[in-house]
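Take the sequence shown: its letters are residues 1 to 272, numbered as in this note's numbering. Beta carbons are placed, not taken as given, at the ideal position from N, Cα and C, and that holds for glycine. Since the model is a prediction, treat every value here as computed from it, not as a measurement.
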Amino acid sequence: MMCIFCKKDSSSSKSVEHIIPESLGNKSLILPKGIVCDSCNNYFARKVEKKVLEKPYFKNIRYRNFITTKRGRLVPDKTLFPHKDGGWANVWLDEKGFIIDSKDQHIFELIKDGKINKLVIPIIEQPKENDCEVSRFLAKVAIEFLTDRIKNDDDWIEEIVTKVELDPLRNYARYGEGNFWKYHQRRIYGQDARFLDPVYHPEPYEILHEMDILYTEEMVMYFVVVIMGIEFAINLAQSETDYFMSWLKKNNYVSPIKRFTEHMISEKYQKL
Ligand SMILES: [Zn+2]
1 MMCIFCKKDS SSSKSVEHII PESLGNKSLI LPKGIVCDSC NNYFARKVEK
51 KVLEKPYFKN IRYRNFITTK RGRLVPDKTL FPHKDGGWAN VWLDEKGFII
101 DSKDQHIFEL IKDGKINKLV IPIIEQPKEN DCEVSRFLAK VAIEFLTDRI
151 KNDDDWIEEI VTKVELDPLR NYARYGEGNF WKYHQRRIYG QDARFLDPVY
201 HPEPYEILHE MDILYTEEMV MYFVVVIMGI EFAINLAQSE TDYFMSWLKK
251 NNYVSPIKRF TEHMISEKYQ KL
């Protein structure tokens, strides 16, 4: 068995690979052990995913959506307690309430005395564009998603490993080789958007992430992933986004992520 990134023997590898990190709420999109070797798995966790997860935008969405780390810990973020003696403090939020640092005891006293009756949580609307770590992260997710699509077919796994057309993207993800790999980024629905599927899921739900492959008329292939309403698109063979942008234009800017019976029911989305 060969690793889809470094192409070394991965038969003795023990870890499964989360295509989207667990710390972004992924519990089901997983590649079996050996597809990505332990050494690549470890490298991505430390050098790519961790850096993305710690970016202000991703930290902010994890904080506001109570998404825990893979060890089950909540992610703290700066929160404002509007009062002249209040100010900014590190806060851990969950469904039941919030926790503040013991060094911010004075804020706790102000709340108890009824002098503060709200907390202000900033919303970071989008990640910074053209970010090198986000780009390498997308490259990693793209290769893994492509593999997931065909993972029950042994010959095809080998085709992913040996496909030279995928080498620039895989080496960019794994070794940072080559120049910055362009991607396209935009918000397609609000962070509070809810969806409903009368056939499969008649109760409202939110979508943490969804993804697909787009082939344009020109036979250019893009990997498209939406993470909490932000759509990212990356070309699998070369660093460009022009064909994607013209595809969007031709399709009235509707996302290539296909919805069948599913539809959006509400979108509460406010700009700061
Ligand atoms: Zn490897």
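Handout entry: Cβ-Cβ distance between residue 184 and residue 24 below 8 angstroms
Key = no
Handout entry: Proximity below 8 angstroms, CB of residue 136 to CB of residue 176
Key = yes
Exercise for the section: Using a threshold of 8 angstroms, state whether the C-beta atoms of residue 12 and residue 3 are closer than that. Expected result: no
Practice task
Name the one or two DSSP bridge partners that residue 88 has.
Solution key: 80
Problem - Assigned exposure category for residue 123 - 16 Cβ within 10 Å defines buried - result: exposed
Exercise for the section: Would you check if the distance between the CB atom of residue 22 and the CB atom of residue 36 is smaller than 8 angstroms? Expected result: no
Problem - Through-space distance from residue 155 to residue 269, alpha-carbon basis - result: Here the model assigns residue 269 a pLDDT of 44, short of 50, so the residue's position is not dependable, and the following value carries that caveat. If you take the alpha carbons of residue 269 and residue 155, they lie about 46 angstroms apart.
Practice task
Just confirm the distance between the C-beta atoms of residue 140 and residue 48, as a whole number of angstroms; I'd bet it's less than 8 angstroms.
Solution key: 6 angstroms
Exercise for the section: May I have the straight-line CA-CA distance separating residue 52 from residue 14, to the nearest angstrom? Expected result: 24 angstroms
Handout entry: the region 186–202 touching the region 255–266, judged by at least three CB pairs closer than 8 angstroms
Key = yes
Practice task
Pull every residue with its beta-carbon under 5 angstroms away from any heavy atom of ligand 1, and keep them in chain order.
Solution key: 3, 5, 6, 37, 40
Practice task
Taking residue 61 as the reference, give the member of 108, 229, 251 with the closest Cα.
Solution key: 229
Practice task
Measure the CB-CB distance between residue 107 and residue 116 and report whether it falls below 8 angstroms.
Solution key: yes
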